[in-house]
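*Asks:*
Chains as they are written, first to last, in my numbering: chain A, 1 to 453; chain B, 1 to 251.
#1: Kindly indicate which residue of 310/A, 423/A and 441/A has the alpha-carbon position closest to the one of residue 92/A.
#2: Do you know how far the Cα of residue 74/A is from the Cα of residue 288/A?
#3: Please go through the segment 111–145 of chain B and give each complete alpha helix (DSSP H) segment of 4 or more residues, from N-terminal end onward.
#4: List the endpoints of the continuous beta strand (DSSP E) containing residue 386/A.
#5: Scan the segment 366–383 of chain A for residues whose Cβ lies nearer than 8 angstroms to a Cβ of chain B and list them as they occur along the chain.
#6: Could you tell me the alpha carbon to alpha carbon distance between residue 300/A and residue 112/A, rounded to whole angstroms?
#7: Identify each residue in the segment 102–117 of chain B for which the Cβ-Cβ distance to at least one residue of chain A is less than 8 angstroms, and report them in chain order.
#8: Whose C-alpha, out of 30/A, 21/A and 7/A, is nearest the C-alpha of residue 393/A?
#9: Scan the segment 21–32 of chain A for residues whose Cβ lies nearer than 7 angstroms to a Cβ of chain B and list them as they occur along the chain.
#10: Could you check what DSSP says for residue 182/B in three-state terms: helix, strand or coil?
#11: Determine the direct distance from the alpha carbon of residue 182/B to that of residue 7/B, and round the result to whole angstroms.
#12: For the segment 347–366 of chain A, which residues have a beta carbon sitting closer than 9 angstroms to at least one beta carbon of chain B?
#13: For the segment 40–57 of chain B, which residues have a CB atom closer than 8 angstroms to at least one CB atom of chain A, in sequence order?
#14: For residue 443/A, return the contacting residues in chain B, with the cut-off set at a CB-CB distance below 8 angstroms.
#15: Using a Cβ-Cβ cut-off of 9 angstroms, state whether residue 450/A counts as contacting chain B.
#16: Assuming residue 112/B and residue 84/B form a contact by the criterion Cβ under 8 angstroms, report the distance between their Cβ atoms to the nearest whole angstrom.
#17: In angstroms, rounded to a whole number, what distance separates the CA positions of residue 321/A and residue 330/A?
#18: Are the Cβ atoms of residue 197/B and residue 166/B separated by less than 9 angstroms?
#19: Rounded to whole angstroms, what's the CA-CA distance from residue 133/B to residue 187/B? Just pull it up for me.
#20: Just by C-beta distance, which residues in the segment 423–447 of chain A are closer than 9 angstroms to chain B?
#21: Does the Cβ of residue 453/A have 16 or more other Cβ atoms within 10 Å, making it buried, or fewer, making it exposed?
#22: Counting pairs of Cβ atoms below 8 angstroms between the segment 36–55 of chain A and the segment 256–263 of chain A, do you hit three or more?
#23: Mind listing which residues of the segment 83–102 of chain B have their C-beta closer than 9 angstroms to chain A's C-betas, in chain order?
#24: My assumption, with CB atoms under 8 angstroms, is that residue 37/A sits in contact with residue 412/A. Please give the rounded CB distance.
#25: Below 7 angstroms on C-beta distance, what does residue 10/A contact in chain B?
#26: In three-state DSSP terms, what is residue 230/A?
#27: Counting beta carbon pairs with one atom in the segment 193–208 of chain B and one in the segment 35–52 of chain B, are three or more of them shorter than 8 angstroms?
#28: Where do the N-terminal and C-terminal ends of the beta strand (DSSP E) with residue 195/B fall, by residue?
#29: Any Cβ of chain B within less than 9 angstroms of the Cβ of residue 16/A?
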């Protein structure tokens with residue numbers, strides 16, 4: 001141990017005797033290490049950024065759909081069961097630890113009317129305020145509706161950019177009123193532009209409103225309208241256009257008959273639950289938790305099939321994640337080559353140094369240094385050079401990474417494993433590329449070495 | 001008592017196809033406490049003999065006993081140990097480490113010593129040695145800041161740091177002017193006389209050799225004169241003993 005310390009001291013002194021050369025030799029290693037670490041960090045940063053983007057696109061969200069309703073052996077298809085409730089959504093958000101937030105969703109496809117303009121948006125989402133969090137969708141003007149709007153079944157809504165463009169050519173929707181199925185809704189906010197989703201559908205073509213409003217004010221109204229369509233006065237039918245030829249297929253119900261006809265029941269069910277998970281890796285855990293919770297809430301016996309389905313987009317995120325990992329690996333590979341070149345530089349200089357210090361080696365041998373001592377001294381010199389280069393390389397890479405972060409606004413992630421690995425790699429480079437020159441030095445004949453000019 | 005006993009040493013170099021015999025059966029002895037000069041022209045085998053005596057090289061055949069140890073069959077590592085503990089070297093070109101203080105230079109052989117003497121004790125010893133060679137105020141100077149004579153005195157201090165039995169000085173004054181040479185040789189004489197250290201001066205200069213108590217002349221791989229201090233018990237092949245030679249001999 002003492003021996004090693006002495007050898008280390010000797011090596012350090014030898015390096016200090018020629019600081020300029022030591023610095024230049026180390027430069028190769030510095031560049032190599034800095035390149036490796038920055039590549040890994042920038043790579044990991046962009047990897048994380050891609051992941052973030054995918055998560056914004058909904059990769060870290062799950063959607064819980066109700067299962068199928070079956071009547072007399074006839075299936076009504078997925079989502080036809082009326083088992084999911086907003087309480088389920090609240091319970092999922094509250095009781096599942098792997099769930100960040102959950103929002104009920106009630107969908108619709110209806111005409112919006114504003115003055116002389118009308119438009120049928122792609123999406124009408126009746127939901128809770130958690131929806132904006134889950135979809136990571138900021139409001140650019142006005143405000144999002146809040147929980148009291150949901151509880152109060154308030155007639156308010158937030159519009160996507162496309163809807164604003166279609167209904168408000170003037171571009172000033174806030175505080176105005178639009179009609180949905182004759183129900184007036186006050187526009188209280190405008191959503192940020194989001195563009196098309198992965199299916200190419202315009203995500204900005206959306207109307208977001210409290211799910212209670214959509215469910216109990218608009219859809220219920222629509223149901224009634226639907227049922228009473230033959231009594232609706234606004235509809236233009238051939239009967240009215242050509243009353244002479246009208247042939248009534250069914251007898252017109254009388255007022256009392258109409259009153260006796262049972263109204264369609266408006267179940268408080270929801271179409272789906274939108275669930276946010278902190279990261280894609282927690283999706284399987286979240287699915288398990290939600291499944292257990294909903295089975296319990298829906299009183300399903302063991303062996304009974306689920307009355308709901310949970311879907312995720314993990315596949316897409318995995319594909320994109322592996323692409324960026326591949327890029328990182330590629331760049332790291334290129335950087336490793338530069339580290340290798342740096343190692344060859346070390347070997348080159350160490351060889352020069354051995355030749356130049358032949359007399360010193362001869363002297364050391366004459367005063368009692370064994371070949372082993374000379375070998376360890378020169379290897380240690382190379383390792384010290386490389387470790388020093390590694391340390392400076394790490395600092396350089398941090399400077400480089402933060403420069404990239406500030407100037408190019410690329411995301412950077414500090415990579416501890418990369419740093420540890422690079423220190424190990426630089427020590428290994430010193431050992432490998434320092435060995436040959438050190439071995440050469442240790443094989444010198446002290447007589448020849450002492451006389452070397 | 002003999003510190004060095006050499007019996008019938010032969011050294012052959014293989015140069016291409018032909019073998020060159022540089023030492024042709026050398027026998028000699030040096031007693032403990034002697035100051036001996038080894039003289040010879042270039043090509044006489046003087047350097048080869050010195051390398052063997054300094055444990056830097058091994059003879060092709062023959063016996064070499066240093067301080068009772070048989071050196072000629074030792075491995076390179078063992079010889080390194082012997083060089084470290086028993087021999088101090090002083091070279092013509094000083095061979096000090098550049099950009100290293102005089103003190104550190106003196107401490108160099110202790111780096112490779114096996115015994116566990118504390119750093120403090122070693123430093124004290126190195127300082128004492130530097131004081132003894134008159135460099136008490138130059139300990140932190142680097143070789144480039146020292147004169148030739150001072151550098152050689154640092155080298156002498158270095159040769160003594162491990163308490164060697166033998167100091168081997170190879171042309172110690174070759175790079176010095178006559179006045180400084182005299183100083184350096186005086187240092188050797190003092191060491192020999194006061195400390196009883198055995199000193200072997202290798203030189204081709206009769207003036208230098210004149211400082212020794214005995215001169216060993218070597219010529220064409222054979223010892224010409226001065227192989228033994230007293231009449232030898234047995235005369236080695238090719239060695240001519242001239243026991244009365246205790247002062248400088250001119251050729």
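C-beta: ideal position from N, C-alpha, C; glycine also.
*Replies:* In short:
#1: 310/A
#2: 29 angstroms
#3: 119–132
#4: Element bounds for residue 386/A: not the beta strand (DSSP E) but the alpha helix (DSSP H), 371–408.
#5: 366, 367, 368, 369, 370, 371, 372 and 373
#6: 40 angstroms
#7: 104, 108, 109, 111, 112, 113 and 116
#8: 30/A
#9: none
#10: helix
#11: 33 angstroms
#12: 359, 360, 362, 363, 364, 365 and 366
#13: 51, 54, 56 and 57
#14: In chain order: nothing, as chain B lies at least about 10 angstroms away.
#15: yes
#16: 5 angstroms
#17: 14 angstroms
#18: yes
#19: 7 angstroms
#20: 445, 446 and 447
#21: exposed
#22: no
#23: 83, 84, 85, 87, 88, 89, 91, 93, 95, 96, 97, 98, 99 and 100
#24: No, residue 37/A and residue 412/A are not in contact; Cβ-Cβ is about 11 angstroms, not under 8 angstroms.
#25: 111
#26: Annotation note: pLDDT 42 at residue 230/A (below 50); position unreliable, coordinate value reported separately. Three-state DSSP puts residue 230/A in a helix.
#27: yes
#28: Run containing residue 195/B: none; DSSP gives neither H nor E here.
#29: yes
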